[in-house]
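Novice: So the sequence lines, in the order shown, correspond to chains R and H.
Going by my numbering, the first residue of the first sequence is number 112, and it counts up by one from there.
Going by my numbering, the first residue of the second sequence is number 4, and it counts up by one from there.
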Amino acid sequence: MAKKSTTETVTAETMATQQRDISVSEFFLKNRHLLGFDNPRKALLTTVKEAVDNSLDACEEAGILPEISVDIKQTGNNRFRIEVTDNGPGVVRAQIPKIFAKLLYGSKFHRLRMSRGQQGIGISAAGMYGQLTTGTSTRIRSRIQKAKKAHLIDVQIDTRKNAPTILLDEESDWLPEFNGTGPDGKPLTPVNYTHGTSVSIEMEAAYVRGRLSVDEYLKQCAIVNPHLQLHYRIAVSAKDIQESDSKESGAGEAQTGDWITLFRSVSKVPQQPGEIKPHPHGVELGMLMQMLKDTRIRTLRGALTQDFSRVSSKTALEICEKAGLSPKANPARIAHHEIEVLYKAIGDTKLMRPPTDCVSPIGEDQLISGLKKEINAEFYTAVTRQPSVYRGNPFLIEVALAYARESVDKSVTSDEPARVMRFANRVPLLYMAGACAMTKAITSVNWRNYDVSQPRGSLPVGPIVIAVHMASVWVPFTSESKEAIAHYPEIISEIGLAVQECGRRLATFLSREKRRFEADRKRNYIAMYIPHLALGLKQVLDLDDKQEKTVTSRLIKILERTHLDT
Amino acid sequence: MAKLKKTLPRTSATDLPTAIPRKEASKRIVAACEPIYTDIVKKTRKPVMRFPVRSLANVKYDVKKGYFEILGRMVARTLTYNTVKTFAQSMRLLATTKNDLIDKDDIAGKREIYYNSKSWGECRFDEQPESDTLLDDIEAMLGVNREQLGYIPEERGGDVAGPLTVIDRSPSTGEKIRIDCSRLGSGAWSIPSRVEHLDFECKAKFILAIETSSLFQRLVHHMYYKKAGCVLVSMSGVPTRACRRFIRRLADHSKIPVLVFTDGDPYGYCNIYRTLKVGSGQSAHINRFFSVPQAQYLGVTPQDIIDYDLQDATHPLEDADIKRAKDALKNDPFIKHHKEWQQALEQMLKMGVRIEQQAFAKHGLNYVLDNYLPEKLKKKQFLP
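Here it is as structure tokens:
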């Protein structure tokens with residue numbers, strides 16, 4: 112036995128004095144990396160990303176063709192003001208503080224529907240980060256359709272209570288205004304809308320060029336949202352521009368402070384995907400308990416059929432029998448251990464796969480036209496797979512591939528790994544590529560089959576750009592900052608199949624190229640020596656120039672006929 | 004490449020002393036090119052060049068004629084993507100040969116022709132072996148040896164000493180020049196690259212052809228040719244075309260035998276002696292000019308090693324020697340015809356050694372001319 116400790120033992124009572132509620136806000140304040148605010152550079156990107164995601168979701172849900180402007184201005188040493196404006200439906204006055212200054216408040220968490228945002232954390236977290244690093248508040252302007260006035264509201268978040276504190280609340284004549292630059296380089300006439308929202312946050316941040324920059328994010332955003340008209344400008348004091356990698360070019364044109372416009376190429380709002388109820392096989396035990404507790408249906412059998420998808424009345428009865436529960440039991444009163452049995456019974460029951468019309472693809476043609484904006488390639492292809500299911504959640508994979516010539520597009524090289532662009536529900540994913548299921552699927556494909564070199568277990572090497580898009584009612588990210596997709600075998604397999612199809616088409620293209628190249632080489636070779644043969648004959652046989660020409664043209668014809676059968 | 008059965012017009016060895024006149028060679032070139040032109044322009048098909056196959060597989064040892072006679076196997080070189088360069092080069096080489104050499108009565112060395120091709124642009128020869136090979140092809144295709152087309156060999160023919168007067172002519176005046184090969188002191192007369200125009204006055208009883216020039220010099224130094232009454236010829240390895248032609252013409256002219264003295268190894272037997280006597284596979288198409296059917300082999304034979312107690316002056320056979328000997332036993336039509344040669348090679352393989360001409364120095368520097376050669380000549384036991 113150990114010697115009796117000299118330190119005072121802590122009693123349960125003293126411990127109790129230290130035990131108290133932890134607010135979500137406080138938790139995230141201490142774990143800001145989970146939300147994508149681990150460093151100033153990433154904070155800037157995450158803020159833009161969350162604001163743009165929200166704007167796009169709002170516009171699409173309201174059936175409005177989105178026009179968004181992103182204005183980034185340096186306000187001091189390591190300080191930036193980020194203002195994102197959209198022409199969305201606006202937010203009603205009462206909801207504004209909660210949406211922008213309360214974590215885990217949103218419309219998207221409680222339903223299964225394909226959308227960019229999921230949890231209702233993003234934009235509030237950005238505001239909270241701004242508040243924490245600069246002490247300023249988040250300013251929101253919003254005007255809803257047909258309203259006489261716009262609202263101007265400054266909010267902060269009370270991190271203890273996870274509740275908004277309103278600092279300013281007034282009406283104004285604000286109209287969302289969009290400035291831009293035309294393809295000719297001249298400024299566009301400013302455009303005003305009668306509805307829209309603008310959010311402005313000042314925070315400690317850093318602007319860095321390169322593959323992980325705001326510019327890159329916005330460009331990729333335009334690739335997968337061809338219906339989006341996007342304007343952005345980044346005004347950074349020259350000495351504060353940081354180079355992420357020296358060879359990077361073109362990603363930072365915006366630092367001059369001029370507006371850049373990425374025009375929309377499609378004038379149709381994507382069809383709004385339908386909403387589905389959870390599939391029983393995708394529901395965890397805790398979630399099942401909560402759903403049964405909250406349901407308004409009075410019988411277990413009814414709750415199973417109406418709150419879940421793909422459970423018929425007959426299947427519900429089968430589940431109840433397997434679980435040994437009465438179909439008429441009150442779902443809210445089922446005991447804990449009984450729910451466990453029920454959960455197991457659900458797992459043992461064969462169910463139809465969830466409906467898949469709730470995921471909508473970008474589409475092969477639109478993906479390709481998006482890629483064409485980004486890279487000047489010789490070969491483009493895209494594959495949209497049929498929807499599939501992981502853990503009860505429908506999802507769909509799309510892959511586009513472009514093969515460029517180094518001489519034509521300077522952004523690719525033949526001795527570097529392929530560039531991979533990852534998208535989830537039309538949102539570009541820039542960070543944590545190595546941890547992502549998409550990267551994993553691409554590296555698992557044997558690219559040598561397609562005549563593309565590939566170091567063991569790595570990305571293929573060559574002037575290739577691969578874009579992967581996953582659309583799902585619930586994208587399984589590895590963390591709340593939504594940067595990498597979790598390694599579900601079903602997902603990796605679907606991506607692999609799409610990538611392989613693109614690879615096969617690339618191989619066909621490459622072999623055709625090779626044949627054409629070979630034929631050109633042969634044609635040149637033949638054309639180089641035939642005149643000499645004719646000249647020799649001419650000299651021996653005393654032919655005239657016309658006969659010599661006949662020999663040359665005949666021979667070229669004869670040889671090309673038999674040797675250039677392409 | 005397709006091998007075709009077609010017979011070449013054969014000419015016997017004796018009816019080609021000064022060979023084909025230049026006009027005839029020029030005509031043959033035109034005749035070779037005409038069907039090519041017809042194929043291209045009139046028949047619109049790929050033209051073909053045909054050459055006799057130049058290898059041991061396409062020769063037969065004609066005992067009556069005494070040399071390797073070429074058989075009728077032909078190679079057809081059809082114009083294709085792969086042969087277009089060679090084909091073009093052949094045409095340009097034929098044109099140069101006809102227009103610049105034959106028609107202008109000029110001469111050129113193989114290396115000069117290689118450099119001449121540098122003016123052909125991308126059609127030029129990159130290395131001399133390429134033009135040498137094509138020249139051999141053309142020679143075979145036309146059935147004319149290249150000396151008659153105006154090509155002169157680069158290498159010297161060989162050295163001669165002995166009771167022989169060579170009658171040459173001055174290249175400019177045509178005046179007769181008499182060279183007494185017994186009055187050249189410690190030096191020797193060099194065989195020129197072309198020997199067709201030479202005439203001879205010869206009192207010798209036989210010709211002794213020697214592989215190495217060091218032994219030749221020893222014999223000249225001690226004026227062995229006077230004592231034995233023979234013409235000494237130094238071949239320095241495999242004899243050149245000019246050397247072979249010279250020995251042949253001299254032997255024919257004076258009706259004297261030819262004896263050959265080489266190192267006792269497979270190279271000396273199968274390459275030097277065999278080539279001198281019956282020709283080679285590579286030059287099968289011209290063997291009738293260049294073989295010396297009357298040649299006989301004096302030594303050094305494997306039996307000589309035993310008879311002259313030279314076992315301790317030998318070297319072990321190297322892998323290349325063994326391979327050469329076995330190959331000859333299996334494939335060489337000349338060796339396969341003569342039992343004596345098969346026995347000699349078998350004996351050598353069994354003993355596992357080879358011997359050099361100079362090995363007789365073991366018994367004294369002049370043992371070879373005081374003892375070995377006189378004894379061998381007296382016994383007259385030569386290999387065929």
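C-beta atoms are modelled at their ideal positions from N, C-alpha and C, and glycine is treated no differently.
In chain order, what residues of the segment 552 to 574 of chain R put their CB closer than 8 Å to some CB of chain H?
Specialist: Interface annotation for the segment 552 to 574 of chain R against chain H: empty, criterion Cβ-Cβ distance under 8 Å.
Novice: Anything in chain R within Cβ reach of T47 (chain H), meaning under 9 Å, just list it in chain order.
Specialist: Within the second sequence, the letter at position 44 stands for residue 47 (chain H). Residues of chain R passing the Cβ test: R665, K668 and I669.
Novice: DSSP on L279 (chain H), reduced to helix/strand/coil?
Specialist: On the second sequence, residue 279 (chain H) is found 276 positions in, with the first residue counted as 1. The answer is helix: DSSP assigns L279 (chain H) an H, G or I state.
Novice: Would you say H674 (chain R) lies against chain H (beta-carbon separation less than 8 Å)?
Specialist: The sequence position of residue 674 (chain R) within the first sequence is 563, counting from 1. With 8 Å as the cut-off, H674 (chain R) counts as an interface residue toward chain H.
Novice: Just verifying my parser: in three-state terms, what is the DSSP assignment at H318 (chain H)?
Specialist: The residue labelled residue 318 (chain H) in the question sits at position 315 within the second sequence. Strand, per DSSP.
Novice: Please tell me whether Y40 (chain H) has its Cβ less than 8 Å away from any Cβ of chain R.
Specialist: On the second sequence, residue 40 (chain H) is found 37 positions in, with the first residue counted as 1. With 8 Å as the cut-off, Y40 (chain H) counts as an interface residue toward chain R.
Novice: For S420 (chain R) and I387 (chain R), what's the separation of their Cα atoms in angstroms?
Specialist: As a position in the first sequence, residue 420 (chain R) is number 309, starting the count at 1. As a position in the first sequence, residue 387 (chain R) is number 276, starting the count at 1. It is roughly 7 Å from the alpha-carbon of S420 (chain R) to the alpha-carbon of I387 (chain R).
Novice: Can you list, in chain order, the residues of its chain with a C-beta nearer than 8 Å to that of L145 (chain H)? Leave out the 5 residues immediately preceding and following it.
Specialist: Start at 1 with the first residue of the second sequence, and residue 145 (chain H) comes out as number 142. For L145 (chain H), where only same-chain residues beyond five positions count, the Cβ hits under 8 Å are A28, R31, I32, A35 and L152.
Novice: What does a CB cutoff of less than 7 Å around V556 (chain R) pick up in its chain, not counting 5 residues either side in sequence?
Specialist: Position 445 of the first sequence, counted from the first residue, corresponds to residue 556 (chain R). So the qualifying residues of the chain are G607, V610, Q611 and G614.
Novice: To test your reading of the DSSP string, which unbroken beta strand (DSSP E) runs of 3 or more residues are found completely within the segment 575 to 621 of chain R?
Specialist: 575 to 583
Novice: Which ranges would you report for the alpha helix (DSSP H) in the segment 243 to 276 of chain H if only whole runs of at least 4 residues count?
Specialist: 244 to 257
Novice: Given this structure, state the Cα-to-Cα distance separating R186 (chain H) from V163 (chain H), to the nearest angstrom.
Specialist: In the second sequence, the residue the question calls residue 186 (chain H) occupies position 183. In the second sequence, the residue the question calls residue 163 (chain H) occupies position 160. Taking the straight line joining both Cα atoms gives about 11 Å.
Novice: If distances are taken between C-alpha atoms only, which option among H:T168, H:A231 and H:L222 comes closest to F203 (chain H)?
Specialist: In the second sequence, counting from the first residue as 1, residue 203 (chain H) sits at position 200. Of the listed residues, the one whose Cα sits closest to F203 (chain H) is H:T168.
Novice: Using the C-alpha atoms, what's the distance from R244 (chain H) back to R634 (chain R)?
Specialist: Against the first sequence, residue 634 (chain R) aligns to sequence position 523. Against the second sequence, residue 244 (chain H) aligns to sequence position 241. Distance between the alpha carbons of R634 (chain R) and R244 (chain H): 42 Å.
Novice: When we look at the beta-carbon of T122 (chain R) and count the other beta-carbons within 10 Å, is it buried (16 or more) or exposed?
Specialist: Taking the first sequence and counting its residues from 1, one reaches residue 122 (chain R) at position 11. Exposed is the call here.
Novice: Give the C-beta separation of L570 (chain R) and T554 (chain R) to the nearest angstrom, bearing in mind that I take them to be a contact with Cβ-Cβ under 8 Å.
Specialist: On the first sequence, position 459 is the one that residue 570 (chain R) refers to. On the first sequence, position 443 is the one that residue 554 (chain R) refers to. 6 Å between Cβ atoms; contact.
Novice: Could you pull out every residue in the same chain whose Cβ sits closer than 8 Å to the Cβ of R172 (chain H), ignoring the five residues on either side in sequence?
Specialist: Indexing the second sequence from 1 puts residue 172 (chain H) at position 169. Hits under 8 Å: E178, K179, I180 and H200.
Novice: Could you check where the alpha helix (DSSP H) with C36 (chain H) kicks off and where it finishes?
Specialist: Within the second sequence, residue 36 (chain H) is the residue found at index 33, counting from 1. It spans R25 to Y40 - the alpha helix (DSSP H) in which C36 (chain H) sits, taken as one unbroken run.
Novice: Identify every run of the beta strand (DSSP E) within the segment 172 to 243 of chain H, keeping only runs that are complete inside it and at least 3 residues long; order them along the chain.
Specialist: 179 to 183, 202 to 205, 209 to 213 and 233 to 237
Novice: Comparing C-alpha positions only, which one of H:F293, H:V281, H:K383 and H:H366 sits nearest to V66 (chain H)?
Specialist: On the second sequence, position 63 is the one that residue 66 (chain H) refers to. Of the listed residues, the one whose Cα sits closest to V66 (chain H) is H:V281.
Novice: Among residues of its own chain, excluding the 5 on either side of S564 (chain R), which ones have a beta-carbon nearer than 8 Å to its beta-carbon?
Specialist: To locate residue 564 (chain R), count along the first sequence from 1; it is residue 453. Only W558, P571, V572 and G573 meet the Cβ criterion.
Novice: For my contact list, I473 (chain R) and E517 (chain R) are in at a C-beta cut-off of 8 Å; report their separation, rounded to the angstrom.
Specialist: Position 362 of the first sequence, counted from the first residue, corresponds to residue 473 (chain R). Position 406 of the first sequence, counted from the first residue, corresponds to residue 517 (chain R). Incorrect: roughly 28 Å between the Cβ atoms, too far for contact.
Novice: Which chain R residues are close to K353 (chain H), counting only those with a beta carbon under 9 Å from its beta carbon?
Specialist: To locate residue 353 (chain H), count along the second sequence from 1; it is residue 350. Residues of chain R passing the Cβ test: none, with the nearest at roughly 54 Å.
Novice: Please say whether A173 (chain R) and D197 (chain R) have beta carbons closer to each other than 8 Å?
Specialist: As a working mapping, residue 197 (chain R) is identified with position 86 in the first sequence. As a working mapping, residue 173 (chain R) is identified with position 62 in the first sequence. No, Cβ-Cβ distance for D197 (chain R) and A173 (chain R) is not below 8 Å.
Novice: Of the residues that make up the segment 85 to 100 of chain H, which ones have a beta carbon closer than 7 Å to any beta carbon in chain R?
Specialist: V87, K88, F90, A91, M94, R95, L97 and A98
Novice: Would you say N102 (chain H) lies against chain R (beta-carbon separation less than 8 Å)?
Specialist: Working through the second sequence from its first residue, we reach residue 102 (chain H) at position 99. N102 (chain H) counts as touching chain R.
Novice: For Y328 (chain R), write down the residues that DSSP places opposite it in a beta bridge.
Specialist: Stepping through the first sequence from its first residue, residue 328 (chain R) is reached at position 217. The secondary-structure analysis by DSSP pairs Y328 (chain R) with nothing; it has no beta-bridge partner.
Novice: Residues of the segment 631 to 651 of chain R in Cβ contact with chain H at a cutoff of 9 Å, in chain order, please.
Specialist: K633, Y636, I637, M639, Y640, I641, P642, H643, L644, A645, L646, G647, L648, K649, Q650 and V651
Novice: Indicate whether L313 (chain H) and A362 (chain H) have their beta-carbon atoms separated by less than 8 Å.
Specialist: Sequence index remark: in the second sequence, residue 313 (chain H) carries index 310 (1-based). Sequence index remark: in the second sequence, residue 362 (chain H) carries index 359 (1-based). Contact: yes.
Novice: In chain B, which residues lie with their C-beta within 8 Å of the C-beta of V662 (chain R)?
Specialist: Going by chain labels, chain B is absent from the structure shown, which instead holds the protein chains R and H.
Novice: Can you give me the start and stop residues for the beta strand (DSSP E) that F490 (chain R) sits inside?
Specialist: Residue 490 (chain R) sits at position 379 when you count from the first residue of the first sequence. Residues F490 to T495.
Novice: For the alpha helix (DSSP H) that G545 (chain R) lies in, which residues bound it at each end?
Specialist: As a first step, residue 545 (chain R) must be located in the first sequence, where it is residue number 434. G545 (chain R) -> no alpha helix (DSSP H), and no H or E assigned at all.
Novice: Do I175 (chain R) and F211 (chain R) have their beta-carbon atoms positioned less than 8 Å apart in this structure?
Specialist: For the purposes of this step, residue 211 (chain R) is taken as residue 100 along the first sequence, with counting starting at 1. For the purposes of this step, residue 175 (chain R) is taken as residue 64 along the first sequence, with counting starting at 1. Contact: no.
Novice: Output the boundary residues of the alpha helix (DSSP H) element that contains I457 (chain R).
Specialist: For the purposes of this step, residue 457 (chain R) is taken as the residue at position 346 of the first sequence. Where I457 (chain R) is concerned, the enclosing alpha helix (DSSP H) starts and stops at H447 to D459.
Novice: In chain R, which residues lie less than 8 Å from I32 (chain H) when you measure between Cβ atoms?
Specialist: Position 29 of the second sequence, counted from the first residue, corresponds to residue 32 (chain H). Neighbourhood of I32 (chain H) in chain R, by CB distance below 8 Å: V651, in chain order.
Novice: DSSP has V62 (chain H) in a bridge; who is on the other side?
Specialist: Your numbering for residue 62 (chain H) matches position 59 in the second sequence. DSSP, once it has assigned bridges, lists H:I73 as partnering V62 (chain H).
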